[in-house]
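Next comes the structure, spelled out in structure tokens:
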């Protein structure tokens, strides 16, 4: 176990380094942020001074080294647009995204997995076919379009829910979150449903596929022959066996949703990190782009690590590390 | 029926959601962009100035057509070639109760170089040499050289109290600690990309605003902003997209407000000896740059059907442009008539210039900077192809376009330009005067255009303190630049606001600022 953690940690460091270089080169290739930001009437002298002030006149490798040196001192830099520390900026937006993603993933799991189990258990029934048809819709219809439909229906026509934004924050177990107030829930529910549809489709299909396969295996037949009720077979034996692909995908989806919930965030004007990163790209706010992308890499590394540990719990045959 | 029943049943929830609109003294505005900081000296960004105007005041204000109006200064005049005298308004207090005096002006101007960011505010103080406090209500600004446009520069130069101290930066302003001005509203709260909440300042020197509380929500997504208005979450939105404009105009529940903007889409033909992107005739690259020939530029101009651009391409949200500024701006000349569309004359000119079969040329534009830039780009390419040219039009994201444009990589480009100060020097000094880093002119002259006659007339204007003489010189400069087709203006873009019918009223501003204190409430009660 210990060896496993160490090797994972080393891998993670290499990945983060490689990523930081790729991000740096990529961002550098787009162009000089001063040309995007500068006021049209600025003089050439002002432009030159600004470029020097932000170190943009230095060669790429030198800028990268300066960046590394600052990171080593725990300083990820300051946003060129907001002039506040990048970490502060990202973390001030993170709670909103976290709320949205957790609710979305919860909806996707709570509805998706039982629906998938049912569809796999009775694949020929009408309800199963309906579930599968809906899951295809969840996959293929673009998120922003469903988002607009939801807004037109529930906010504009019916007026039940607000069209966007985040609701009032309350305190729950010492954490300040909009999930602690009714107003907060009225704001979060629509974007969360919107965000969950794709993942729900994914969960349904994965669970169903595993289910169909597992129901034909010998151990299920034996269990049935033993006279175990189907309920017990499905929830105690089959579910555990089909969990591994579901957990893997769950982890990856959690990561990618956290990092890139941007479409839903802009349609619903949700003040999360997705919007921040898109705005930063549009203004070429380099420190924010670089920091954010590196944070995303770290996030994925952590999630994958957690998923590996969950594997071991689910399937005793999986051993962490090389110990026999 | 069912819908109505549901409506009543869930009325509580609906009320809950629409609560902000329920208080008549509260105004919630959905805006495309907001400030980047609460420090008024951080950035020259338009949406920054617009937001901070509610909290801070400037010495000089501008009315809805950008003509200068008294602000914290009641009058100003040049007393020597290099000295402007500003008489300050008496009896004004900051939000914390301290009186406003000349020291605050000096402090604010001196503070700028230390705290400003990449969109540098030193732009507005580049002519300022020093600030001299004469008495509590008189300030002398000594300038580097003659600076007739100084009052224009001061329309976005905000005044903070001298007690702010030198250490205060973005963090202190964003938290509200240092966000103290003389403006019509007090700062309550803000976070980047979030809501700016304001409360009326009752001791303001202006007429009392109709709104006790103003919430400026940033909703960059066009569709989301429209939905927020339609669902009653906000009372007013700016930058209504053209696609929604038509349906809103026909909707009795919604009222729209339309105004010309300062933004004009200009075609920028490169007139350098070598075109950055090669021009081809019959598939062969040619050594000469046809755009150097005035006849070719005139042909390009004549082939543009501006009525079609306005009425078809922009669905009515534009005005044909005949020069680089809208009518009424300082330096706008009446001597250029309406631009005509004459494809036959254009073809003749092209033949005279030696291109009877046209040529193949690249044309690059922005696609996300102003509403309509991409569609106008495509339409222009089609218009020129009727002339016999092969135009490879490409509309790019501004993030890609601007750095490449700054490197002068485009043979022919189009982007929007706004004469934000309401007077010609801003535009001509940056885009039309020949490139001259020493004098600080021509920084945005990417076409290589250099006309000594224009430069002379324009520079003479910038050295003339008498307003009427200066106006005449700028008008002459306008005529020279336009006859020479240094740039080819196409359309003035219009912008649209929308609000619930019979809730509020205001005069739309040509600089597109949405000022809560200039909005009046139409209250049925």
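Residue numbers (the working numbering), protein chains in the order written: chain H, 1 to 324; chain L, 325 to 849.
All C-beta atoms in this analysis are idealised placements derived from N, C-alpha and C, irrespective of residue type, glycine included.
Quick caveat: nothing in here was measured; it's all calculated off a predicted structure.
Within 7 Å, strictly: CB atoms of residue i and residue j
i	j	result
residue 267 of chain H	residue 147 of chain H	yes
residue 437 of chain L	residue 425 of chain L	no
residue 443 of chain L	residue 37 of chain H	yes
residue 389 of chain L	residue 834 of chain L	yes
residue 64 of chain H	residue 24 of chain H	yes
residue 751 of chain L	residue 828 of chain L	no
residue 366 of chain L	residue 489 of chain L	no
residue 701 of chain L	residue 736 of chain L	no
residue 822 of chain L	residue 582 of chain L	no
residue 593 of chain L	residue 789 of chain L	no
residue 379 of chain L	residue 507 of chain L	yes
residue 625 of chain L	residue 458 of chain L	no
residue 573 of chain L	residue 655 of chain L	no
residue 740 of chain L	residue 693 of chain L	yes
residue 801 of chain L	residue 781 of chain L	yes
residue 263 of chain H	residue 19 of chain H	no
residue 691 of chain L	residue 717 of chain L	no
residue 258 of chain H	residue 194 of chain H	no
residue 422 of chain L	residue 364 of chain L	no
residue 299 of chain H	residue 245 of chain H	no
residue 301 of chain H	residue 247 of chain H	no
Cβ-heavy atom distance, residue i to the ligand ZN, below 6 Å
i	result
residue 366 of chain L	By its list of ligands, the structure shown contains no ligand whatsoever, and the ligand ZN lies outside what it can speak to.
Beta-bridge pairing of residue i - partner residues as DSSP gives them
i	result
residue 28 of chain H	Answer is none; residue 28 of chain H lacks a bridge partner.
residue 738 of chain L	L:591, L:689
residue 718 of chain L	L:688
residue 274 of chain L	Outside the shown range of chain L (325 to 849) lies residue 274 of chain L, about which nothing can therefore be said.
residue 760 of chain L	L:765
residue 730 of chain L	Answer is none; residue 730 of chain L lacks a bridge partner.
Per-residue burial, residue i [other beta carbons within 10 Å of its own, 16 or more giving buried]
i	result
residue 145 of chain H	exposed
residue 32 of chain H	buried
residue 119 of chain H	buried
residue 166 of chain H	buried
residue 846 of chain L	exposed
residue 652 of chain L	exposed
residue 89 of chain H	buried
residue 346 of chain L	Confidence at residue 346 of chain L is low in this model, with a pLDDT of 45, below 50, so the placement of that residue should be treated as unreliable; the coordinate-derived value is given next. It counts as exposed.
residue 818 of chain L	buried
residue 358 of chain L	buried
residue 280 of chain H	buried
residue 11 of chain H	exposed
Neighbour flag for residue i against chain L, beta carbons, 7 Å
i	result
residue 44 of chain H	yes
residue 167 of chain H	no
residue 35 of chain H	yes
residue 176 of chain H	no
residue 217 of chain H	no
residue 27 of chain H	no
residue 322 of chain H	Interpretation of residue 322 of chain H is limited by its pLDDT of 47, a score under 50 that renders its predicted location unreliable; the figure taken from the coordinates is listed afterwards. It does not: the Cβ of residue 322 of chain H has no partner Cβ on chain L nearer than 7 Å.
residue 84 of chain H	yes
Min CB distance residue i to chain H below 7 Å
i	result
residue 607 of chain L	no
residue 727 of chain L	yes
residue 764 of chain L	yes
residue 730 of chain L	yes
residue 489 of chain L	no
residue 767 of chain L	yes
residue 360 of chain L	yes
residue 469 of chain L	no
residue 345 of chain L	Low confidence applies to residue 345 of chain L: its pLDDT is 43, below 50, so where it sits in the model is not reliable, and the reading given next is rough at best. Output row for residue 345 of chain L: interface = no.
residue 438 of chain L	no
residue 539 of chain L	no
residue 333 of chain L	Below a pLDDT of 50, predicted positions are generally treated as unreliable, and residue 333 of chain L, at 42, falls in that range; the measurement from the model is reported next regardless. So no, residue 333 of chain L is outside the interface.
Where the region 493-506 of chain L meets chain H: residues whose CB sits under 9 Å from a CB there: 493, 494, 495, 498
Short-range partners of chain H found in the region 551-576 of chain L, where Cβ spacing is below 8 Å: 551, 552, 554, 555, 556, 557
Residues in the region 279-296 of chain H having any Cβ partner in chain L nearer than 9 Å: 279, 281, 282, 283, 284
Chain L contacts made by the region 109-125 of chain H, where a contact means CB separation under 9 Å: none
Short-range partners of chain H found in the region 440-465 of chain L, where Cβ spacing is below 8 Å: 441, 442, 443, 444, 446, 447, 450
Interfacial residues, the region 86-109 of chain H to chain L, with Cβ spacing under 7 Å: 89, 92
Residues, ordered as in the chain, of the region 51-71 of chain H that lie near chain L by beta-carbon distance below 9 Å: 53, 54
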